[in-house]
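Under the working numbering, residues 967 to 1590 are what the sequence shown spells out, in order.
Yeah, the Cβ is synthetic: ideal placement off N, Cα and C, and Gly gets one too.
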Amino acid sequence: MKLGRNDPCSCGSGKKYKNCCLGKAGYQPPPAAAPTPDDLKLLGVLFNSARYVELEKLARSLLKSYPDSGVVWKLFGLALQMQGSDALPAMRKAAELLPNDAEAHGNLAALLRARGQLDAAVASGRRAVQIKPDFVGGHNNLGVVLQDLGQLDEAVASYRRALKLKPDFVEAYNNLGGALKELGQLDDAAASYRRALALKPDFAKAHSNLGVIMRELGRPEEELECYRLALESDPQCSEAVLGVGQLCMASGEMVEAERLFRKALEINPEDLEARLLLAQVGKVKDGDENLAALVVTEDAARRSGTPMPYKKAIFLQFALGKCFDDIGDYDKAFPHFAEGCKLKRATFEYVAAQMTQHFDDTMRIFNGGDDSTPARRGDPSGIPIFVLGMPRSGTTLTEQILASHPDVHGAGELPDLLDIAQRDVAGTGLVFPHNIPALDQASLRTWGADYVAGLQTRAPDARHITDKMPTNFFAIGLIHAMLPNAKIIHVNHNPVDTCLSCFMQLFSNRQEHTYDLAELGRYYVDYARLMEHWRSVLPSGAFLDVHYEDIVADQETQARRMIAFCGLDWDDACIEFYNNQRSIRTASLTQVRQPIYKTSVERWRPYEKFLGPLLDELGDLVRS
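Below is the structure:
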């Protein structure tokens, strides 16, 4: 900005420039404090036309003259970000120089989130919406970070604030669906995704996300249709490609599943979820190219000095752990599982004492007395067969044996029972188990009938249908009252094997107790207490205890025992359960596609030196 002859002299004398410093040897007027309007207009034009290389070059030049221009720093940071360069220092500088610019703080929040600095991202996101309460994108961005941190109720509130300000905000509906899914509110999540699709029918990610909800609800046909619509809208939607691949895994089509996982990697070579799925589709061997690629990725991330986004890092660590475990390199495998669990555990709040209280409350309310539950006058249906127990205890194998019988349909892990159990009773506003004392016999029958009706939508003509949601063990007392003719099979497995297998698994649902060895051990002890409680307060024969190790040692005897307990005639198909090509959606899906093997028994021994916190919590439950 050049001084005119008649302008006040910049030296501060009060004289006109022509009568003061003009012409003095060596005098240079101080630089202007800010870029000219033309400079700023050109920066905006370059940004809006996506000419990021030119934008970076101009911004660098302007910053030499105007190092304290927050606007230039903001656009400089965006130029770097759009080119994949390190934009964090520039974004920080912009936010520092523009303390009241909501957009600058929102940009910083988004970048901090991508770098895995979630607490700092939340602070910046909150600052953005504090500056500008009607900042729609700020509320949505803040919701995403809160969701990453596991603060799901707050995330939902942020998305809803964004939608109140902008009712047609498609991305916010999609994000809201994700948070509701994590909260277990599957119907509400599906409604949110459908709202997004009503506004934008070709929104491929929303179609794919709705497919995941259908998976959780045990509706594979609808799930596949969602992925089809996603790929019709965007053939390069890698999430949908992975979804179809997982459906192929579930139905035993491992070769096709592997092809689709590799296709997803072609679409997005940095998709570490695809690499984890590749590791899970079969047994990894020495020289595996996927393992080599994972090692290269980890080394590159370490050398870069830039934190990997936490979701990618979690996939990476669990994939490496799976690969090294498969090839028997346990000393390398466990640190990867431990790091993956540490990263995952940092994304949510979990208080072990509160979970222990939940177990205690369940035992107190279902105490076997006259006031614990209504008399056994629930729905008389004999269709349901419940298979339950700790995750990774052998429930999938047990269900597969049962579902190989021609009169039994295996529906997999269903959320139905625990959803019903959370219903409000008589306007108390209480949830399970605190709602149970207010449950009258009419409501009990209604609950039972509703459960059976939902179950039959999966297989209308089946004589019996299994539900193998493991954590239904919380509601065994309710099942006994609500569905007195249902069969309940409880599967037990070596506590250390069970817990280690949980620790080594990245679950698709919450399972928050599984990512810390001590918390996992405490949960198992509470679970064991609850199962002893059910044995003491329910009549003999209310459920059948089955031990995984007994199935491995003598499959036919145990299979006949379970089939007889369910009131069915024996069928030899139950011996060759691995030939049953039904859809299986659990972590054990590859194991139950082959005859029984013994490597899952005492598999914790090679890891014993790492398991101190778990073994201490389990105490006397550890089998010598």
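Asked: Own chain, CB closer than 8 angstroms to S1090, minus 5 neighbours either side, in chain order; Found: A1061, H1071, G1072, L1074, A1075, L1078
Asked: Collapsed DSSP secondary structure at D1463 in the structure displayed; Found: helix
Asked: Coil, strand or helix - P1426 by DSSP; Found: coil
Asked: Cα-Cα separation between P1186 and D1153, rounded to whole angstroms; Found: 16 angstroms
Asked: Whole-angstrom distance between I1351 and R1526, CA atom to CA atom; Found: 15 angstroms
Asked: Option in G1043, P1033, V1011 with minimal Cα separation from E1022; Found: G1043
Asked: 8 angstroms CB neighbourhood of E1264 in its chain, flanking five on each side removed; Found: L1282, L1286
Asked: Coarse secondary structure for I1445, derived from DSSP in three states; Found: helix
Asked: Check whether L1309 and A1279 have beta carbons under 8 angstroms apart; Found: yes
Asked: Sequence-distant residues of the same chain with beta carbon closer than 7 angstroms to F1469, five excluded per side; Found: F1303, C1307, T1480, L1483, L1486
Asked: Closest by C-alpha distance to F1101, when choosing among K1132, L1046, A1121; Found: K1132
Asked: Distance, C975 Cα to K981 Cα; Found: 6 angstroms
Asked: Range of the contiguous alpha helix (DSSP H) that encloses H1456; Found: First-last for H1456: 1453-1458, but that is the beta strand (DSSP E), not the alpha helix (DSSP H).
Asked: Within 8 angstroms, strictly: CB atoms of T1322 and F1440; Found: no
Asked: C-alpha gap between W1570 and E1305, whole angstroms; Found: 18 angstroms
Asked: M1435 and W1413 closer than 8 angstroms at C-beta; Found: no
Asked: For H1371 and A1539, believed in contact at Cβ under 8 angstroms, the rounded distance; Found: 7 angstroms
Asked: As assigned by DSSP and simplified to three states, the class of H1375; Found: strand
Asked: Alpha-carbon spacing of L1208 relative to S1199, whole angstroms; Found: 16 angstroms
Asked: Beta-carbon separation (whole angstroms), H1456 vs G1355, contact threshold 8 angstroms; Found: 5 angstroms
Asked: Same chain only: Cβ atoms within 6 angstroms of E1583, ignoring 5 sequence neighbours per side; Found: A1484, G1487, R1488
Asked: Pick from L1410, N1141, P1461 that is closest to D1119, judged by C-alpha positions; Found: N1141
Asked: Beta-carbon gap between N1106 and F1135 smaller than 8 angstroms; Found: yes
Asked: Inter-residue Cα distance where the pair is Y1544 and F1300; Found: 30 angstroms
Asked: E1188 and L1213 closer than 8 angstroms at C-beta; Found: no
Asked: D1496: first and last residue of the uninterrupted alpha helix (DSSP H) it sits in; Found: The amino acid occupying residue 1496 in the given sequence is Leu; Asp does not appear at that position. Start and end: 1483-1503.
Asked: Presumed contact (8 angstroms Cβ cut-off) between G1334 and V1588, rounded CB distance; Found: In fact, because the Cβ distance is near 30 angstroms, the residues do not count as touching under 8 angstroms.
Asked: Helix, strand or coil at I1431 [DSSP, three-state]; Found: strand
Asked: Extent of the continuous alpha helix (DSSP H) to which F1042 belongs; Found: 1036-1048
Asked: Ordered list of alpha helix (DSSP H) runs contained in the region 1288-1354, each at least 4 residues; Found: 1296-1311, 1318-1331
Asked: CB of L1046 within 8 angstroms of CB of A1056, strictly; Found: yes
Asked: Extent of the continuous beta strand (DSSP E) run through D1200; Found: Counting along the chain, D1200 falls outside any beta strand (DSSP E), and DSSP gives it neither H nor E.
Asked: Buried or exposed (CB count within 10 angstroms, at least 16 for buried), L1580; Found: buried
Asked: Nonlocal neighbours in the same chain, by C-beta distance under 7 angstroms from E1365, ignoring five residues either side; Found: V1353, G1376, T1432, K1434
Asked: Whole-number beta carbon distance between V1567 and E1515, since they are thought to touch under 8 angstroms; Found: 6 angstroms
Asked: For I1367, the nearest candidate out of T1523, Y1490, Y1417, D1254 (CA to CA); Found: T1523
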